[in-house]
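Mapped onto this note's numbering, the consecutive letters of the sequence shown carry residue numbers 456 to 773.
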Amino acid sequence: MFIDTAKIIVQAGKGGKGIDSFYRDKLNMKGFPDGGDGGHGGDIIIRVSTNVHTLINFRYRLLFKAKNGGHGGSNQKRGKNGDILIIEVPEGTLVYDVSRKSLLKDLVKAGDDILVAKGGIGGRGNRSHKNAIPGEDGQERKLFLELKLIADVGIIGLPNAGKSTLISRISKAHPRIAAFAFTTKSPVLGVVEYGQDKRFKIAEIPGLIKDSHKGKGLGDKFLRHAERTKFYIHLIDLSKESPEEVLSDYNRINRELELYKEKLISKPQIIVGNKIDIKKSKENLEFLRENIKKDIIAISAKEAIGVDELIKAVASKL
Ligand SMILES: Nc1nc2c(ncn2[C@@H]2O[C@H](COP(=O)(O)OP(=O)(O)OP(=O)(O)O)[C@@H](O)[C@H]2O)c(=O)[nH]1
Ligand SMILES: [Mg+2]
456 MFIDTAKIIV QAGKGGKGID SFYRDKLNMK GFPDGGDGGH GGDIIIRVST NVHTLINFRY
516 RLLFKAKNGG HGGSNQKRGK NGDILIIEVP EGTLVYDVSR KSLLKDLVKA GDDILVAKGG
576 IGGRGNRSHK NAIPGEDGQE RKLFLELKLI ADVGIIGLPN AGKSTLISRI SKAHPRIAAF
636 AFTTKSPVLG VVEYGQDKRF KIAEIPGLIK DSHKGKGLGD KFLRHAERTK FYIHLIDLSK
696 ESPEEVLSDY NRINRELELY KEKLISKPQI IVGNKIDIKK SKENLEFLRE NIKKDIIAIS
756 AKEAIGVDEL IKAVASKL
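Here it is as structure tokens:
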């Protein structure tokens with residue numbers, strides 16, 4: 456399952472107690488204060504790991520608690536610090552503070568992290584010649600996590616346009632391909648390698664149909680993943696019965712983007728007509744070209760026609 460939002464509670468560790476203790480021997484009958492300090496409570500850090508791809512782990516776990524600091528001991532012994540708890544999230548996770556309603560950090564790439572809860576400071580022992588005090592509580596926070604995939608290019612288009620076929624053709628991603636709508640039920644990420652050691656990240660954004668922005672079909676659930684790409688490959692099925700249908704499909708997708716968020720429609724698009732191997736497609740392609748007056752790259756994702764040209768076009772736009 457592809458989970459892209461989560462609510463969690465993070466609770467850093469409490470500081471350990473400082474203790475009251477007295478060392479006594481024949482020479483020190485009154486006792487000499489030697490109570491050690493408590494250790495600090497463990498911090499909680501959220502960090503990007505490339506081994507994690509969704510927020511599914513947070514579906515079954517709400518509370519994340521770091522270890523408390525150990526208590527001090529006699530003979531000035533300091534308590535152990537609580538271990539730091541590291542929570543792993545995928546690239547592209549935004550971390551919000553729920554009560555402050557503010558974005559704490561956008562964790563973009565591997566290794567990015569943020570300290571979300573500070574462990575409590577350990578209490579002072581009486582070795583300082585002052586009374587011992589308990590440790591402080593660790594910080595507790597409610598967080599909202601939102602994953603917005605980070606890809607260079609997003610493939611958008613109606614169901615059955617051939618988005619999965621294209622992404623499997625040009626990357627190592629292998630989503631299911633079938634001749635019915637909504638085969639792909641969650642975004643798919645792929646890496647396209649080209650030239651000498653060059654690569655870009657591409658994402659299939661599934662489920663766009665008429666009224667997606669109102670929740671139809673898979674709704675606008677995945678449109679958040681269309682927000683952070685640099686541009687789109689707008690994939691159109693050219694093999695439809697009539698050229699008018701092809702044109703209206705094209706307009707439909709643009710309309711949905713616009714209705715979801717205006718800024719999506721101002722993102723550049725490489726317009727790609729798919730299924731050019733089917734006879735009907737050539738005629739529809741001409742009609743579309745004349746009507747929208749934009750460049751269209753014709754391909755067959757299935758038969759690998761025009762795909763190299765498309766990769767070149769993407770590369771030069773990047
Ligand atoms: N003839 C032909 N068929 C194609 C081509 N590309 C895809 N198809 C077929 O079109 C159908 C849909 O392909 P998918 O890749 O699953 O389409 P999709 O856009 O990912 O669809 P959803 O995930 O359902 O939104 C499948 O039957 C594919 O085999 C093509 O270039 N030529
Ligand atoms: Mg698909």
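Where a beta carbon is used, it is the ideal one built from N, C-alpha and C, also for glycine.
Because the structure is a prediction, the values reported are computed rather than measured.
- By DSSP, does residue 479 sit in helix, in strand, or in coil? In the three-state reduction of the DSSP assignment, residue 479 falls in the coil class, being assigned neither a helical nor a strand state.
- Query: So, are the CB atoms of residue 544 and residue 598 less than 8 Å apart?
  - Reply: Here residue 544 is not near residue 598, since their CB atoms are 8 Å or more apart.
- Item | Cross-strand partners of residue 596 (DSSP beta bridge) | 465
- Query: With which residues is residue 552 paired in a DSSP beta bridge?
  - Reply: According to DSSP, which records beta bridges pairwise, residue 552 is partnered with 557 and 598.
- Task: Work out the CA separation of residue 594 and residue 488 for me, nearest whole Å.
- Result: 31 Å
- Task: Output the distance between the C-alpha atoms of residue 753 and residue 501, rounded to the nearest integer angstrom.
- Result: 44 Å
- Message: Helix, strand or coil for residue 529? Go by DSSP, reduced to three states.
- Response: coil
- Return yes when the C-beta of residue 615 is under 7 Å from any heavy atom of ligand 1, and no when it is not. yes
- Message: Please tell me whether, using a cut-off of 7 Å, the distance from the CB of residue 757 to the nearest non-hydrogen atom of ligand 1 is below it.
- Response: yes
- Is there at least one non-hydrogen atom of ligand 1 closer than 7 Å to the beta-carbon of residue 681? no
- Message: For residue 624, tell me which candidate among 611, 608, 605 and 645 has the shortest Cα-Cα distance.
- Response: Closest in alpha carbon position to residue 624, among 611, 608, 605 and 645, is 645.
- Is it the case that the Cβ atoms of residue 725 and residue 755 are separated by a distance below 8 Å? no
- Item | Simplified DSSP assignment, three categories, for residue 756 | Of the three classes helix, strand and coil, the one that applies to residue 756 here is coil, per DSSP.
- Message: Contact defined as beta carbons within less than 8 Å: I believe residue 566 pairs with residue 470. What is the distance between those atoms, to the nearest angstrom?
- Response: Going by Cβ atoms, the distance from residue 566 to residue 470 rounds to 29 Å, so no, they are not a contact pair.
- Message: Quick check on the DSSP output: what are the complete alpha helix (DSSP H) runs of length 4 or more inside the stretch 572 to 650, in order along the chain?
- Response: 618 to 625
- Message: Do residue 757 and residue 620 have their beta-carbon atoms positioned less than 8 Å apart in this structure?
- Response: yes
- Message: Between the alpha carbons of residue 684 and residue 737, how many angstroms are there, rounded?
- Response: 30 Å
- Query: Excluding the five sequence neighbours on either side, which residues of its own chain have a C-beta within less than 8 Å of the C-beta of residue 650, listed in chain order?
  - Reply: 770
- Query: Regarding residue 626 and ligand 3, is the C-beta to nearest heavy atom distance less than 7 Å?
  - Reply: Ligand 3 is absent from the structure shown, which contains only ligand 1 and ligand 2.
- Query: At a cut-off of 7 Å, is residue 637 close to ligand 1 when judged by its beta-carbon and the heavy atoms of the ligand?
  - Reply: Relative to ligand 1, the beta carbon of residue 637 is positioned inside 7 Å of a heavy atom.
- To the nearest angstrom, how far is it from the Cα of residue 701 to the Cα of residue 639? 21 Å
- Query: Closer than 7 Å: is that where the CB of residue 723 sits relative to any heavy atom of ligand 2?
  - Reply: no
- Message: Nearer than 7 Å: is that true of the beta carbon of residue 618 relative to any heavy atom of ligand 2?
- Response: yes
- Message: Please tell me whether, using a cut-off of 7 Å, the distance from the CB of residue 545 to the nearest non-hydrogen atom of ligand 2 is below it.
- Response: The closest heavy atom of ligand 2 lies 7 Å or more from the beta carbon of residue 545.
- What does DSSP give as the partner residues of residue 689 in its beta bridges? BP columns for residue 689 point to 611 and 726.
- Task: Compute the Euclidean distance between the alpha carbons of residue 408 and residue 772, then round it to the nearest angstrom.
- Result: The requested residue 408 is not part of the displayed model; the chain covers only 456 to 773.
- From which residue to which residue does the alpha helix (DSSP H) around residue 563 run? Element bounds for residue 563: n/a, residue is neither H nor E.
- Query: Do the stretch 657 to 669 and the stretch 579 to 596 touch if we need at least three Cβ pairs shorter than 8 Å?
  - Reply: no
- Query: Taking all protein chains shown into account, do 16 or more other C-beta atoms lie within 10 angstroms of the C-beta of residue 584, making it buried, or fewer, making it exposed?
  - Reply: That one is exposed.
- Query: Taking the Cβ atom as the reference point for each residue, do residue 525 and residue 493 lie within a distance shorter than 8 Å?
  - Reply: yes
- Message: Judging by CA-CA distance, which residue of 562, 462 and 539 is the nearest neighbour of residue 518?
- Response: 462
- Which of helix, strand or coil does DSSP assign to residue 521? Reduced to three states, the DSSP call for residue 521 is coil.
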